[in-house]
Structure formats: structure tokens, C-alpha cells
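First to last, the protein sequences are chains H and C. For the first sequence, the numbering used here assigns the number 12 to the initial residue and increments by one for each residue that follows. For the second sequence, the numbering used here assigns the number 659 to the initial residue and increments by one for each residue that follows. Glycine is no exception: its CB is placed at the ideal position from the N, C-alpha and C atoms. Since this is a predicted model, take the numbers as computed values, not measurements.
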Amino acid sequence: MIEFYLDAKSGIPPYLQLVHQVRRAFKLGALREGDQLPTVREVVTRIAINPNTVSKAYRELEHEGLVAARAGVGTFVTASTSEDVLASLGPIRHDLEQWLVRARTAGFDDDSIEALFRAAFRNPAPVAS
Amino acid sequence: MSVAALETVGLGKRYLRRWALEDCTLRIPRGHVVGLVGPNGAGKSTLLNLAAGLLAPTAGSIVVLGEEPARDAAQRAQLSLTIALAKRPELLLLDEPVSSLDPLARREFLGLLMSTVAGNDVSIVLSSHLVNDIERVCDYLIVLVDSASGWPERSTSCWRATIDSSALARRTTSRRRTRR
């Protein structure tokens, strides 16, 4: 089950941090269709935030169609990711990790690597066919 | 003989000249539900507070689960909250409940508090001199300003803040006193 955390220094509202964490876990295949999110009580006990903050995050995710609440049971992931995407996740991540090693070996620091990634992400080079 | 849940020998607690509890010797074995009965002022609450480590005995000794009652701030806070919650209150008033706690104990305490709020109809008003300590557990923050200045109309500069910390920051910077 997903374990939430809060970064107090990020400046991002707590409810949005929870939303992001669920989205990210879903994209990375850590949360799959049918998985249950922790109950509001479990979350607030663990990370000491207001229950309404958690409810707000869950409502937002429901609105997005990522999860659905079943009365008296809990909140479950209802969206599905294609198996093809999940299958290619491992190799793509592996490539990225190798690329990171190369960038670090070449002397790039974390800021430079992030800047480089963002630049390439925004203006991708044309793919040679 | 196994370790008792609660054991006291000649236990007493005096407030100024009045004894709230005197020469109390008892042994409560583990695994039982035990009622404390008696009229107001008989010493029920004093005994419980002594057991919770909230009070120190004036005389005698008390041992809870084989140990001296918890004396560190975190355990005391946890215990006193547990005792308060056991009464299923509709309103809890907590005065600086986390100010003596380290960050980890603070989080555990507030986690326990929030787990009570979740799904229960309980209202909580808690104070803190540091907004950061309690901001994320609160629906609203009321800020009292200048209460010592002797200007009652200025003493209640309060405003609603959402639980969203960025909104709070916005409100703080754009803060204006409505009455002056």
C-alpha cells in the first residue's frame, strides 16, 4: 500500500502533495487497478495532518477518475494502465539510469542534469527514422 | 506473583495543606476491568493522574506495569490525551499541547489526535505559539494579536485560513486589520 509523506519545505499544499504521490505511484506501476488507498484515519495517524486534507486529495483523485470510493469499504484505484506501458517501464528506466551514470561521469551536477532533461523534454530533437 | 497493572504503597498526594489522596495501598492485577468509584473529591482523578505520570506523589510509591509512571514529556502528553479521549469528549481544549515535545513526538501526538478526529464528531481548539507546529492539522487558524496592549477591539484580529499552507502565507502577507 502507498505510504504518503509530506515535504514541509516544498511550498506545495499538503493535499496536492498527496495527489501527486498517488499519480506518480500509478504512473510507475506501484499502484494498480483494484489497489486500495490507505483510509483517511490511517493517513492522518501516520503523517499527522487534518483529515479534511486527505479527503480533499481523495476527492480530487476521484474527480480525475483515478480512484473511486466505495462507501464503508475504502478508496480504490479504478483507472488502468496498459500492460504494454508497464512492461516497457523497466527497460526505459534502466536506460535512463545508465544515461544518468554517463552524465555524472561526464561531470554534470544534479542541477545541470535536471536543466538538460527539461530542455530536451521541451524541445526534443527530431527522431531519425 | 506476576507484574501488576497498577500497584501503590502508602500513596499520597497533597495540594498545599489538603490531601487529595492519602495512604492508598492497592494492587490491581493485569487483565481486568477495574472501576474506580467514589464521590467527588475522593481522589479518583488524582490516582489516575498519578498513574499517568501527570502528578508526582507527595508520599508513598506507585508502579505501573512494573515501572515508575512515565515522566518524560512525550509519554505524559500521549497518556493525558488518551485519558481525555477516553471520555469521548465533544470538545477538547488543548493549551500548547506540543510545545514541550520534540519533532517526532509532536508528530506522533498530532497523529493520535487526528486519528480521533477522523470519523468522530469531536471539536478541538488547540493553542501554539508556533504556527508551523499545528498548521497542517488545523481546518482554521485564528490569530490573536496584541491582547496585552489593552485595546480590546484590537485583541481579536482573527481571520480564517484554509488548511492550504500557501493560502495561509498569502493571507499573512496581505493581512490587514479591519478595525483599528
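request  = Could you check which residue in C:V775, C:L784, C:S719 has the C-alpha nearest to that of C:L751?
outcome  = Here the question's residue 751 of chain C lines up with position 93 in the second sequence. Per the Cα distances, C:L784.
query = Looking only at DSSP bridge pairs, what is C:R672 linked to?
reply = Translated into the one-based positions of the second sequence, residue 672 of chain C becomes position 14. Paired residue(s): C:W677.
ask   = Is there contact between the segment 733-752 of chain C and the segment 669-681 of chain C, where contact requires at least three CB pairs shorter than 8 Å?
value = no
query = Is the shortest distance between the beta-carbon of C:I782 and the beta-carbons of chain H less than 8 Å?
reply = Translated into the one-based positions of the second sequence, residue 782 of chain C becomes position 124. Output row for C:I782: interface = no.
ask   = Does the pairing of the segment 31-49 of chain H with the segment 72-86 of chain H give three or more beta-carbon distances under 8 Å?
value = yes
inquiry  = For H:Q32, which residues in the same chain have their Cβ closer than 8 Å to its Cβ, ignoring the five residues on either side in sequence?
reply    = Indexing the first sequence from 1 puts residue 32 of chain H at position 21. Closer than 8 Å at the Cβ level, and outside the excluded window around H:Q32, lie I13, F15, Y16.
ask   = In chain H, what lies closer than 7 Å to C:V795 by C-beta?
value = Here residue 795 of chain C corresponds to residue number 137 of the second sequence, with the count starting at 1. Within chain H, the residues near C:V795 are A59, I60, N61.
inquiry  = Checking 8 Å against the spacing of the C-beta atoms, do C:A839 and C:I741 come in under that value?
reply    = One cannot answer for residue 839 of chain C here, as it falls past the ends of chain C, which runs 659 to 838.
query = H:V138: buried (16+ other C-beta within 10 angstroms of its C-beta) or exposed?
reply = Here residue 138 of chain H refers to the residue found at position 127 of the first sequence. Result: exposed.
ask   = Are C:S781 and C:L743 closer than 8 Å when you measure CB to CB?
value = Working through the second sequence from its first residue, we reach residue 781 of chain C at position 123. Working through the second sequence from its first residue, we reach residue 743 of chain C at position 85. Result no, Cβ atoms of C:S781 and C:L743 do not sit closer than 8 Å.
ask   = How about H:I42 and H:A68: are their beta carbons less than 8 Å apart?
value = Working through the first sequence from its first residue, we reach residue 42 of chain H at position 31. Working through the first sequence from its first residue, we reach residue 68 of chain H at position 57. At residue 42 of chain H the sequence reads Leu, which differs from the Ile that was named. The answer is no: Cβ separation not under 8 Å.
task = Have a look at the DSSP bridge pairing and note the partners of C:S786.
result = Position 128 of the second sequence, counted from the start, is the residue given in the question as residue 786 of chain C. Paired residue(s): none; C:S786 is not in a bridge.
key: Below-8 Å beta-carbon distance, C:V775 vs any chain H residue   = Start at 1 with the first residue of the second sequence, and residue 775 of chain C comes out as number 117. Interface residue, yes.
key: Paired residues, beta bridge with C:L664 - DSSP   = Against the second sequence, residue 664 of chain C aligns to sequence position 6. C:L664 is bridged to C:I686, C:V722.
message = If the criterion is Cβ atoms closer than 8 Å, does the pair H:A136 and H:I124 meet it?
response = Locating residue 136 of chain H in the first sequence gives position 125, counting from the first residue. Locating residue 124 of chain H in the first sequence gives position 113, counting from the first residue. Not in contact: H:A136 and H:I124 (Cβ atoms no closer than 8 Å).
ask   = If you measure beta-carbon to beta-carbon, which residues of the segment 696-708 of chain C are closer than 7 Å to chain H?
value = none
ask   = Looking at C-alpha atoms only, which residue of C:L799, C:D797, C:N790 is the closest neighbour of H:K20?
value = In the first sequence, the residue the question calls residue 20 of chain H occupies position 9. Closest option to H:K20, Cα to Cα, is C:N790.
query = Where H:V78 and C:Y798 are concerned, what is the direct C-alpha to C-alpha distance, given to the nearest angstrom?
reply = Counted from its first residue, the first sequence places residue 78 of chain H at position 67. Counted from its first residue, the second sequence places residue 798 of chain C at position 140. Whole-angstrom Cα-Cα distance: 28 Å.
request  = Measure the alpha-carbon distance for H:Y26 versus C:E793 and round it to whole angstroms.
outcome  = In the first sequence, the residue the question calls residue 26 of chain H occupies position 15. In the second sequence, the residue the question calls residue 793 of chain C occupies position 135. Rounded to the nearest angstrom, the two C-alpha atoms are 13 Å apart.
message = Can you check whether the C-beta of C:R688 is within less than 8 Å of a C-beta belonging to chain H?
response = Here residue 688 of chain C refers to the residue found at position 30 of the second sequence. Not an interface residue.
key: Local Cβ density within 10 Å of H:K38, reported as buried at 16 or more and exposed below that   = Taking the first sequence and counting its residues from 1, one reaches residue 38 of chain H at position 27. H:K38 comes out exposed.
inquiry  = What residue range does the alpha helix (DSSP H) around C:L749 cover?
reply    = For the purposes of this step, residue 749 of chain C is identified with residue 91 of the second sequence, where counting begins at 1. Looking at the DSSP string, C:L749 is not in any alpha helix (DSSP H); the run it does join, the beta strand (DSSP E), is 749-752.
ask   = Can you list, in chain order, the residues of the segment 746-770 of chain C whose Cβ is nearer than 9 Å to any Cβ on chain H?
value = R764, R765, E766, F767, L768, G769, L770
query = Among all the DSSP beta bridges, which residues are the ones paired with H:F87?
reply = The sequence position of residue 87 of chain H within the first sequence is 76, counting from 1. According to DSSP, which records beta bridges pairwise, H:F87 is partnered with H:Q47, H:A79.
Pair within 8 Å by beta-carbon distance, C:L669 and H:T56 = Within the second sequence, numbered from 1, the residue matching residue 669 of chain C stands at position 11. Within the first sequence, numbered from 1, the residue matching residue 56 of chain H stands at position 45. No; because the gap between Cβ atoms is not below 8 Å, this pair is not in contact.
inquiry  = Judging by CA-CA distance, which residue of H:L72, H:R70, H:V51, H:A36 is the nearest neighbour of H:P62?
reply    = By one-based count along the first sequence, residue 62 of chain H stands at place 51. That would be H:V51, whose Cα lies nearest to the Cα of H:P62.
query = With 8 Å set as the bound, which would you pick, yes or no: does the beta-carbon of H:V78 sit closer than that to a beta-carbon of chain C?
reply = Residue mapping note: residue 78 of chain H aligns to position 67 of the first sequence, counting from 1. So, not an interface residue.
inquiry  = Between the alpha carbons of H:F143 and H:E75, how many angstroms are there, rounded?
reply    = This structure gives no information on residue 143 of chain H, because the portion of chain H shown stretches from 12 to 140.
Exposed unless 16 or more other CB atoms sit within 10 angstroms - verdict on C:E754 = Walking along the second sequence from the start, residue 754 of chain C turns up at place 96. With fewer than 16 Cβ atoms within 10 Å of its Cβ, C:E754 is classed as exposed.
inquiry  = Under 8 Å, Cβ to Cβ, is there at least one residue of chain C near H:V30?
reply    = By one-based count along the first sequence, residue 30 of chain H stands at place 19. For H:V30, the answer is no, since every Cβ of chain C falls outside 8 Å of its Cβ.
key: Which residues DSSP lists as bridging H:A114, in chain order   = Within the first sequence, the letter at position 103 stands for residue 114 of chain H. Answer by DSSP bridge pairing: none, since H:A114 is not bridged.
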